[in-house]
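J.: Protein sequence lines, in the order shown, are assigned to chains A, B, C, D, E and F.
Residues 2 to 128 (the working numbering) are what the first sequence spells out, left to right.
Residues 2 to 128 (the working numbering) are what the second sequence spells out, left to right.
Residues 2 to 128 (the working numbering) are what the third sequence spells out, left to right.
Residues 2 to 128 (the working numbering) are what the fourth sequence spells out, left to right.
Residues 2 to 128 (the working numbering) are what the fifth sequence spells out, left to right.
Residues 2 to 128 (the working numbering) are what the sixth sequence spells out, left to right.
One structure, pasted below without further comment.
There are 6 protein chains.
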Amino acid sequence: MLDRLLEEGALDAFAMPVQMKKNRPGTLLTVLCKPEDGDKLTELIFTESTTLGIRRRDEQRQTLARRWVTVATQWGEVRMKIASLNGTVTNYAPEYEDCRRSASEKHLPLKVVMQEATRQFLRRGED
Amino acid sequence: MLDRLLEEGALDAFAMPVQMKKNRPGTLLTVLCKPEDGDKLTELIFTESTTLGIRRRDEQRQTLARRWVTVATQWGEVRMKIASLNGTVTNYAPEYEDCRRSASEKHLPLKVVMQEATRQFLRRGED
Amino acid sequence: MLDRLLEEGALDAFAMPVQMKKNRPGTLLTVLCKPEDGDKLTELIFTESTTLGIRRRDEQRQTLARRWVTVATQWGEVRMKIASLNGTVTNYAPEYEDCRRSASEKHLPLKVVMQEATRQFLRRGED
Amino acid sequence: MLDRLLEEGALDAFAMPVQMKKNRPGTLLTVLCKPEDGDKLTELIFTESTTLGIRRRDEQRQTLARRWVTVATQWGEVRMKIASLNGTVTNYAPEYEDCRRSASEKHLPLKVVMQEATRQFLRRGED
Amino acid sequence: MLDRLLEEGALDAFAMPVQMKKNRPGTLLTVLCKPEDGDKLTELIFTESTTLGIRRRDEQRQTLARRWVTVATQWGEVRMKIASLNGTVTNYAPEYEDCRRSASEKHLPLKVVMQEATRQFLRRGED
Amino acid sequence: MLDRLLEEGALDAFAMPVQMKKNRPGTLLTVLCKPEDGDKLTELIFTESTTLGIRRRDEQRQTLARRWVTVATQWGEVRMKIASLNGTVTNYAPEYEDCRRSASEKHLPLKVVMQEATRQFLRRGED
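As structure tokens, then:
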């Protein structure tokens, strides 16, 4: 459901377990999207889930500036996602899909590829 | 608390576990209601819980059209709740209280009654 | 992170576990603050966490009137936080830090100190 | 489900939200019972839930000594559950069902009745 | 991680959010496997996750008898998983992967395919 | 509570939100300890919490070999915790308390200190 919403244009989506009336467990789904995608995604949620009601509200969203840097590892190239606030790098992380592909091709643990990509990225700062 | 709020006019209510400051566990209670019920339910929450603060915000709510269909099972009648989007049925579910009553009277598992009511409902589509 | 936000002026802060896309666990952080502190706390969250986006919205907040009463226990004074709705006391609780300090000094279980402070507070009503 | 299990002899039962394979939310049900009730409760869970498997293990359980004390409030009698460790009272709490009945009969908030019962219990220590 | 464990022979795997020391959020991973797969899966978890310790215990596991029934829908065949206790059917559910494939090929909501497969299965009982 | 248990000799401790009977939220506390510390910690939990019962079971625990490496950052020394499986490093992480102290002294974000310590550690591998 989460991945389906992202394919259809949601900016983000996540789920939380909640306790509902009559002691029943439920799931609260939260979806972020551009205002113009609201109706389409509302219809998708009604069609794909068993919910009877959806709440909508306007929110302001601030995001860090993001860019991609490609690093070379012995098992292939991996993109690093770099986030900056006022020009200062605050976060960096290897792209999950790139690492998973290399790990799968080379029969390596995913964690090994992610650690190596991070190491190569941090080494660049040395130059 | 959830059931009490629904009795007093809340449209929906659910609870989520949260982690608060100083490493203490807490519960976030969310209540949906019509704007005119806001003050009454706010007072109820302050009176019945130990919270010191309640936040309120306006939200738009979209719901599916709902209707009830009664089906006959060998253990009595059960209402099915039918939800539709633009005229197409998207969800159906036996009413919990109806099934629970039949199950209790006939000493049957609740699940057996719910499955049978659903089966009878789907059979109708055959006619 | 929660305690850091409260030091910097947040009125409240709490965290909830969420399930994100691609089957990854995450944490949803919620921070309440005065409108004029929004920019400062947004920058703090970007600097201290790995989030790439923060959502903001306006909410109305209603709080109970609060006052402090000091009670004497055999292990020292403890403040009780008293909350009232329309002049009626609805909640009372011993201050965590006061009890923790007494418990630590006297090598007593924290719970014993909290129970005794509550008992002394309720006795006052007898006079 | 939880209340049903307790009716049938479970010593305790609680539920936890879990994240299952293929990104689906689930609920982990934990039931404590005497060894001789294991088979009966296993069958009940299979009959009433949609689970396909149940795990069982032996555990040692230590409980506090418990006794009941009845206190009089202006709205009727309420039992207090008192727990002791090596002869020292470590916990006390008003019985939920007793308070709920008084609150319902007198149209009072449940919390008011629970607070008053606790107050009357603690006053006894004064004598 | 969950799907990886199942590929390598785990009988089941699920994750739960936990609150760890120093106010940090964590995830508790539970894996069920045959005794002879314990060492292999322990090594996999150490290699793929950041955990520093794994606990193991023996448990008895009881499962319902399961069989597969294939039903025909207008969009292709779908397997139903049927679970029985002492010869009585207690659960039935359409196979997720079969429905997802049909839904994707025919550009239908997944829920529509799952509902139709269930309806066809229940109709069989009519004959 | 978690930190208190660790001070008294627990090997690990964590908490999970659970849903209890009568629709009440609760917290499941899990504590790992050596067999000889079981009685002491059981008594501590009974004394400090409101629980009425504690379950105990034996489990096998496997841990990675761990060692400490000290790295120099421009803001002081930070220990890195290195975990290995069969001689291969599988995890490394800067020690939280060391980073927090440097961050507090130099008025830097905690994350900046942790990132720098990790960078210095990975650089060592270059030599």
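All C-beta atoms, glycine included, are put in the ideal place defined by N, C-alpha and C.
None of these values were measured; they are calculated from a predicted model.
Taking Tyr93(C) as the reference, which of Thr51(B), Leu30(B) and Arg102(B) has the closest Cα?
T.: The sequence position of residue 93(C) within the third sequence is 92, counting from 1. Residue Thr51(B) is the option with its Cα nearest to Tyr93(C).
J.: Go through its chain and collect everything with a Cβ distance to Arg129(E)'s Cβ below 8 Å, but skip five positions before and after it.
T.: Any answer about residue 129(E) is impossible in this case: the structure gives chain E only from 2 up to 128.
J.: Here's the rule: buried if 16 or more other CB atoms are within 10 angstroms of the residue's CB, otherwise exposed. What is Glu127(D)?
T.: Here residue 127(D) refers to the residue found at position 126 of the fourth sequence. Reliability of the predicted coordinates at Glu127(D) is poor, the pLDDT of 49 falling under 50, and the value obtained from them is presented with this limitation in mind. With fewer than 16 other Cβ atoms within 10 Å, it is exposed.
J.: If I measure Cβ to Cβ from Ala104(F) and keep anything under 7 Å in the same chain, skipping five residues before and after, which residues do I get?
T.: Here residue 104(F) corresponds to residue number 103 of the sixth sequence, with the count starting at 1. Taken in chain order, the residues that qualify are Pro110, Leu111 and Val114.
J.: What does Ile83(B) pair with, by DSSP beta-bridge criteria?
T.: For the purposes of this step, residue 83(B) is taken as residue 82 along the second sequence, with counting starting at 1. Answer by DSSP bridge pairing, in chain order: Arg68(B) and Tyr93(B).
J.: Straight-line CA distance for Leu7(E) to Leu42(E)?
T.: The residue labelled residue 7(E) in the question sits at position 6 within the fifth sequence. The residue labelled residue 42(E) in the question sits at position 41 within the fifth sequence. Cα-Cα distance, rounded: 10 Å.
J.: Just the C-alpha distance for Ala16(F) and Leu3(F), rounded to the nearest angstrom, thanks.
T.: As a working mapping, residue 16(F) is identified with position 15 in the sixth sequence. As a working mapping, residue 3(F) is identified with position 2 in the sixth sequence. Roughly 8 Å between the two C-alpha positions.
J.: Could you compute how far the alpha carbon of Leu65(E) sits from the alpha carbon of Glu9(A)?
T.: For this step, residue 65(E) is matched to residue 64 along the fifth sequence. For this step, residue 9(A) is matched to residue 8 along the first sequence. So the two alpha carbons sit approximately 38 Å from each other.
J.: Determine the closest residue to Ala118(A) out of Glu78(A), Ala14(A), Leu53(A) and Lys35(A), with distance taken between C-alpha atoms.
T.: Taking the first residue of the first sequence as position 1, residue 118(A) is located at position 117. That would be Glu78(A), whose Cα lies nearest to the Cα of Ala118(A).
J.: From the beta carbon of Thr48(E), is the nearest beta carbon of chain D less than 8 Å away?
T.: Taking the first residue of the fifth sequence as position 1, residue 48(E) is located at position 47. Chain D contact via Cβ: absent.
J.: Return yes when the Cβ of Val90(A) is within less than 8 Å of the Cβ of Phe122(A), no when it is not.
T.: Start at 1 with the first residue of the first sequence, and residue 122(A) comes out as number 121. Start at 1 with the first residue of the first sequence, and residue 90(A) comes out as number 89. Not a contact, by the Cβ cut-off of 8 Å.
J.: When the Cα atoms are used, what is the spatial distance from Lys82(B) to Gly54(A)?
T.: The count along the second sequence starts at 1 and reaches residue 82(B) at position 81. The count along the first sequence starts at 1 and reaches residue 54(A) at position 53. Their backbone Cα atoms lie some 14 Å apart in a straight line.
J.: For Leu3(A), return the contacting residues in chain D, with the cut-off set at a CB-CB distance below 8 Å.
T.: Taking the first sequence and counting its residues from 1, one reaches residue 3(A) at position 2. Near Leu3(A) (Cβ distances below 8 Å), the residues of chain D are Asn24.
J.: Count the other C-beta atoms from every protein chain shown that fall within 10 angstroms of the C-beta of Pro95(B), then say buried if there are 16 or more, exposed otherwise.
T.: Walking along the second sequence from the start, residue 95(B) turns up at place 94. Per the 10 Å Cβ criterion, buried.
J.: Take the Cβ of Asp40(D) as the centre, count every other Cβ of all protein chains shown within 10 Å, and call the residue buried at 16 or more, exposed below.
T.: As a working note, residue 40(D) is residue 39 in the fourth sequence. Its Cβ having fewer than 16 others within 10 Å, Asp40(D) is exposed.
J.: With DSSP as the reference, identify every bridge partner of Val114(F), one or two as the case may be.
T.: Along the sixth sequence, one-based indexing puts residue 114(F) at 113. DSSP, once it has assigned bridges, lists no residue as partnering Val114(F).
J.: Tell me the DSSP secondary structure of Asp59(B) in three-state form.
T.: Locating residue 59(B) in the second sequence gives position 58, counting from the first residue. Asp59(B): coil per DSSP, three-state reduction.
J.: Going by beta carbon distance, what residues of the same chain come within less than 6 Å of Arg125(C), once the five residues before and after it are set aside?
T.: The residue labelled residue 125(C) in the question sits at position 124 within the third sequence. Once the five neighbours on either side are set aside, Arg125(C) has no close Cβ partner at all.
J.: Do Arg58(D) and Arg58(F) come within 8 Å of each other at the CB atom, strictly closer than that value?
T.: Within the sixth sequence, residue 58(F) is the residue found at index 57, counting from 1. Within the fourth sequence, residue 58(D) is the residue found at index 57, counting from 1. Taking 8 Å as the Cβ cut-off, Arg58(F) and Arg58(D) qualify as a contacting pair.
J.: Here's the rule: buried if 16 or more other CB atoms are within 10 angstroms of the residue's CB, otherwise exposed. What is Ala14(D)?
T.: Taking the fourth sequence and counting its residues from 1, one reaches residue 14(D) at position 13. The residue in question, Ala14(D), is buried, as its Cβ has 16 or more Cβ neighbours within 10 Å.
J.: Taking beta-carbon pairs under 8 Å, can you tell me which members of the segment 5–34 of chain F lie near chain B?
T.: Of all residues in the segment 5–34 of chain F, Ala16, Pro18, Asn24, Pro26 and Thr28 have a Cβ within less than 8 Å of some Cβ in chain B.
J.: For a quick check, are the C-beta atoms of Asn24(B) and Asn87(E) less than 8 Å apart?
T.: Walking along the second sequence from the start, residue 24(B) turns up at place 23. Walking along the fifth sequence from the start, residue 87(E) turns up at place 86. Cβ distance not < 8 Å, so Asn24(B) and Asn87(E) don't count as in contact.
J.: Pull up the distance between the alpha-carbon of Gly27(E) and that of Gln75(E), whole angstroms please.
T.: Translated into positions along the fifth sequence, residue 27(E) becomes position 26. Translated into positions along the fifth sequence, residue 75(E) becomes position 74. Going from the Cα of Gly27(E) to the Cα of Gln75(E) covers about 45 Å.
J.: Should Ala73(F) be labelled buried (16 or more other beta-carbon atoms within 10 Å of its own) or exposed?
T.: Locating residue 73(F) in the sixth sequence gives position 72, counting from the first residue. The residue is exposed, with fewer than 16 neighbouring Cβ atoms inside 10 Å.
J.: May I ask which residues mark the beginning and end of the alpha helix (DSSP H) holding Thr52(D)?
T.: Here residue 52(D) refers to the residue found at position 51 when the fourth sequence is read from its first residue. Segment: none, Thr52(D) is in no alpha helix (DSSP H) and carries neither H nor E.
J.: Quick check: what's the CA-CA separation for Arg5(E) versus Glu106(C)?
T.: Residue numbering aside, residue 5(E) sits at position 4 when the fifth sequence is read from its first letter. Residue numbering aside, residue 106(C) sits at position 105 when the third sequence is read from its first letter. Spanning the two alpha carbons is a distance of roughly 51 Å.
J.: By the three-class DSSP mapping on this structure, what secondary structure does Gln75(A) have?
T.: Translated into positions along the first sequence, residue 75(A) becomes position 74. Looking at Gln75(A) - three-state DSSP - the assignment turns out to be coil, as it is neither helix nor strand.
J.: Can you list the residues of chain F that Thr44(E) reaches, using a CB-CB cut of under 9 Å?
T.: Numbered from 1 along the fifth sequence, position 43 holds the residue referred to as residue 44(E). The question names Thr, but residue 44(E) is Glu in the sequence shown. Simply Leu86 and Asn87.
J.: Closest to Ile46(D) by CA distance: which of Arg68(D), Glu37(D) and Leu30(D) is it?
T.: Along the fourth sequence, one-based indexing puts residue 46(D) at 45. Ranking the options by Cα distance to Ile46(D), first place goes to Leu30(D).
J.: Hey, does Arg62(B) have any beta-carbon neighbour from chain C nearer than 8 Å?
T.: Locating residue 62(B) in the second sequence gives position 61, counting from the first residue. Answer no: the Cβ-Cβ gap between Arg62(B) and chain C never drops below 8 Å.
J.: Applying the 10 Å Cβ sphere with the 16-neighbour rule, what's the burial state of Pro36(F)?
T.: Along the sixth sequence, read from residue 1 onward, the residue named residue 36(F) stands at position 35. Classification of Pro36(F): exposed, given that the 10 Å Cβ count is below 16.
J.: In the DSSP assignment, find the alpha helix (DSSP H) that holds Leu29(F) and state where it starts and stops.
T.: Numbered from its first residue, the sixth sequence carries residue 29(F) at position 28. Premise fails: Leu29(F) lies in the beta strand (DSSP E), Pro26 to Leu33, not in any alpha helix (DSSP H).
J.: Could you tell me which chain F residues have their CB closer than 8 Å to the CB of Lys112(C), listed as they occur along the chain?
T.: Taking the third sequence and counting its residues from 1, the one referred to as residue 112(C) is at position 111. Within chain F, the residues near Lys112(C) are Thr48, Glu49, Ser50 and Thr51.
J.: Which bits of chain A does Arg68(F) rub up against, with CB to CB less than 7 Å?
T.: The sequence position of residue 68(F) within the sixth sequence is 67, counting from 1. Result: empty, since nearest Cβ-Cβ is about 17 Å, beyond 7 Å.
J.: In chain F, which residues lie less than 8 Å from Leu123(A) when you measure between Cβ atoms?
T.: Residue numbering aside, residue 123(A) sits at position 122 when the first sequence is read from its first letter. Per Cβ cutoff of 8 Å: Thr119, Arg120, Leu123 and Arg124.
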